[in-house]
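**Student:** Could you have a look at this structure, given as structure tokens, before my questions?
Numbering (our numbering), first residue to last: 5 to 300.
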């Protein structure tokens, strides 16, 4: 498998990054994960815009986020992939000595790799998820897609070995997001998700954005608001979203069953099928005009 490292393609086993890289020493970097079906990206422009915003907030310079599509297409071609995900990471770069304060403007370290994923035809139904809840003890810069993920990893270490798929985090009794996802619940005909709130910032996930758009197009009553943990436990339906999983119906939270998430005619199922239709339409458009739409 070939990977991308600082404008070079090379075998994964030959990739080398300095131990003095600030991404290694401090987690001083940002990343994006983009999903591709038949070579067509899902929400690529949103990923590029978010990557640019993350780099600006951390004041990391020297990398143009608009090069993401070129890196992805290069990796897919050399690795003979069309249905995959791409992980792209940009760290602040390497310093000569370990210091909390960077030594001026550095040359960033850019790494990217692709992973084979299911094709759209293989995604007949979404993969179900069982979840637990845990206190959200992370930092207050959740809007940055930072490589510093210990606050997300610790609750996963506690829960995933026991069989749960995801941990849903909460602050002051209110839902924030999943450790690796955004959370939605359905109450009757209303779709609810935690708001992007400066009190406890969460990541505005690309799939979160896309499902909000799809729900609006379908005329669904969508509310971005405070959601108590009890509302999740008593929801008619619930699902989590991320770029890798797209959408996963939540069938159980802390031992509370949520069977409505997978019932025929559920809002969860409808939104999943609408996303698939949207992706299929994008694939058709790209085939009709392969040059247009580099950033979709």
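Backbone N, C-alpha and C define an ideal beta-carbon position, used for all residues, glycine too. Treat the numbers as computed from the prediction; the structure is a model and nothing was measured.
Quick test of the definition: if touching needs 3 or more C-beta pairs under 8 Å, does the stretch 122–132 touch the stretch 26–40?
**Tutor:** The stretch 122–132, when compared against the stretch 26–40, does not touch it at the 8 Å Cβ threshold.
**Student:** For residue 82 and residue 19, I'd like the C-alpha separation in whole angstroms.
**Tutor:** C-alpha separation (whole angstroms): 16 Å.
**Student:** Over what stretch of residues does the alpha helix (DSSP H) that includes residue 52 continue unbroken?
**Tutor:** Note, residue 52: alpha helix (DSSP H), 48–62.
**Student:** Going along the chain, which residues of its own chain have a beta-carbon closer than 6 Å to the beta-carbon of residue 42, five neighbours each way excluded?
**Tutor:** Excluding sequence neighbours, residue 42 sits near 86, 287.
**Student:** Quick one: is residue 50 buried, meaning 16 or more other Cβ sit within 10 Å of its Cβ, or exposed?
**Tutor:** The residue is buried, with at least 16 neighbouring Cβ atoms inside 10 Å.
**Student:** Buried or exposed: residue 241, going by 16 or more other Cβ atoms within 10 Å of its Cβ?
**Tutor:** Result: buried.
**Student:** For residue 155 and residue 142, which I take to be in contact (beta-carbon distance under 8 Å), what is that distance rounded to the nearest angstrom?
**Tutor:** Going by Cβ atoms, the distance from residue 155 to residue 142 rounds to 3 Å, so yes, they are a contact pair.
**Student:** By DSSP, does residue 277 sit in helix, in strand, or in coil?
**Tutor:** Three-state DSSP puts residue 277 in a helix.
**Student:** Pick helix, strand or coil for residue 291, following the three-state DSSP scheme.
**Tutor:** Helix, per DSSP.
**Student:** Buried or exposed, going by whether 16 or more other CB atoms sit within 10 Å of the CB of residue 159?
**Tutor:** So residue 159 counts as buried.
**Student:** When DSSP labels each residue in this structure, what does residue 90 get in the three-state scheme?
**Tutor:** It is a strand residue.
**Student:** Between residue 1 and residue 99, which are expected to be in contact by the criterion C-beta below 8 Å, what is the C-beta distance as a whole number of angstroms?
**Tutor:** For the chain, the structure presents residues 5 to 300; residue 1 sits outside this window and is missing.
**Student:** Just the Cα atoms here: how many angstroms apart are residue 25 and residue 284?
**Tutor:** Taking the straight line joining both Cα atoms gives about 40 Å.
**Student:** So, with DSSP's three-state summary, where would you put residue 107?
**Tutor:** It is coil, neither helix nor strand.
**Student:** Please classify residue 134: does DSSP put it in a helix, a strand, or coil?
**Tutor:** It is a strand residue.
**Student:** Can you tell me which of 205, 188, 33, 77 puts its alpha carbon nearest to the alpha carbon of residue 133?
**Tutor:** When each option's Cα is compared against that of residue 133, the closest is 188.
**Student:** Hey, how far is the Cα of residue 45 from the Cα of residue 17?
**Tutor:** Whole-angstrom Cα-Cα distance: 27 Å.
**Student:** Should residue 296 be labelled buried (16 or more other beta-carbon atoms within 10 Å of its own) or exposed?
**Tutor:** Its pLDDT being 46, under 50, residue 296 is placed unreliably in this model, and the value from its coordinates should be taken loosely. It counts as exposed.
**Student:** What does DSSP give as the partner residues of residue 196 in its beta bridges?
**Tutor:** DSSP output for residue 196 lists 189, 227 as bridge partner(s).
**Student:** I need the straight-line Cα distance from residue 212 to residue 245, nearest angstrom please.
**Tutor:** Each residue's Cα considered, the two are about 6 Å apart.
**Student:** Give me the Cα-Cα distance between residue 270 and residue 54, rounded to the nearest whole angstrom.
**Tutor:** Near 31 Å, if we compare the C-alpha coordinates of residue 54 and residue 270.
**Student:** Would you list, in sequence order, the uninterrupted beta strand (DSSP E) runs of no fewer than 3 residues that lie entirely inside the stretch 234–277?
**Tutor:** For the stretch 234–277, whole beta strand (DSSP E) runs of length 3 or above, ordered along the chain, are 241–246, 250–257.
**Student:** Quick one: is residue 61 buried, meaning 16 or more other Cβ sit within 10 Å of its Cβ, or exposed?
**Tutor:** Exposed.
**Student:** DSSP three-state label for residue 129, please.
**Tutor:** The answer is coil: DSSP assigns residue 129 none of H, G, I, E or B.
**Student:** What's the gap between the Cα of residue 93 and the Cα of residue 139?
**Tutor:** If you take the alpha carbons of residue 93 and residue 139, they lie about 28 Å apart.
**Student:** Measure the alpha-carbon distance for residue 273 versus residue 124 and round it to whole angstroms.
**Tutor:** Taking the straight line from one Cα to the other gives about 15 Å.
**Student:** Under 6 Å Cβ to Cβ from residue 251, same chain only, skipping five residues before and after it: list those, please.
**Tutor:** The answer, listed in chain order, is 130, 243, 245, 276.
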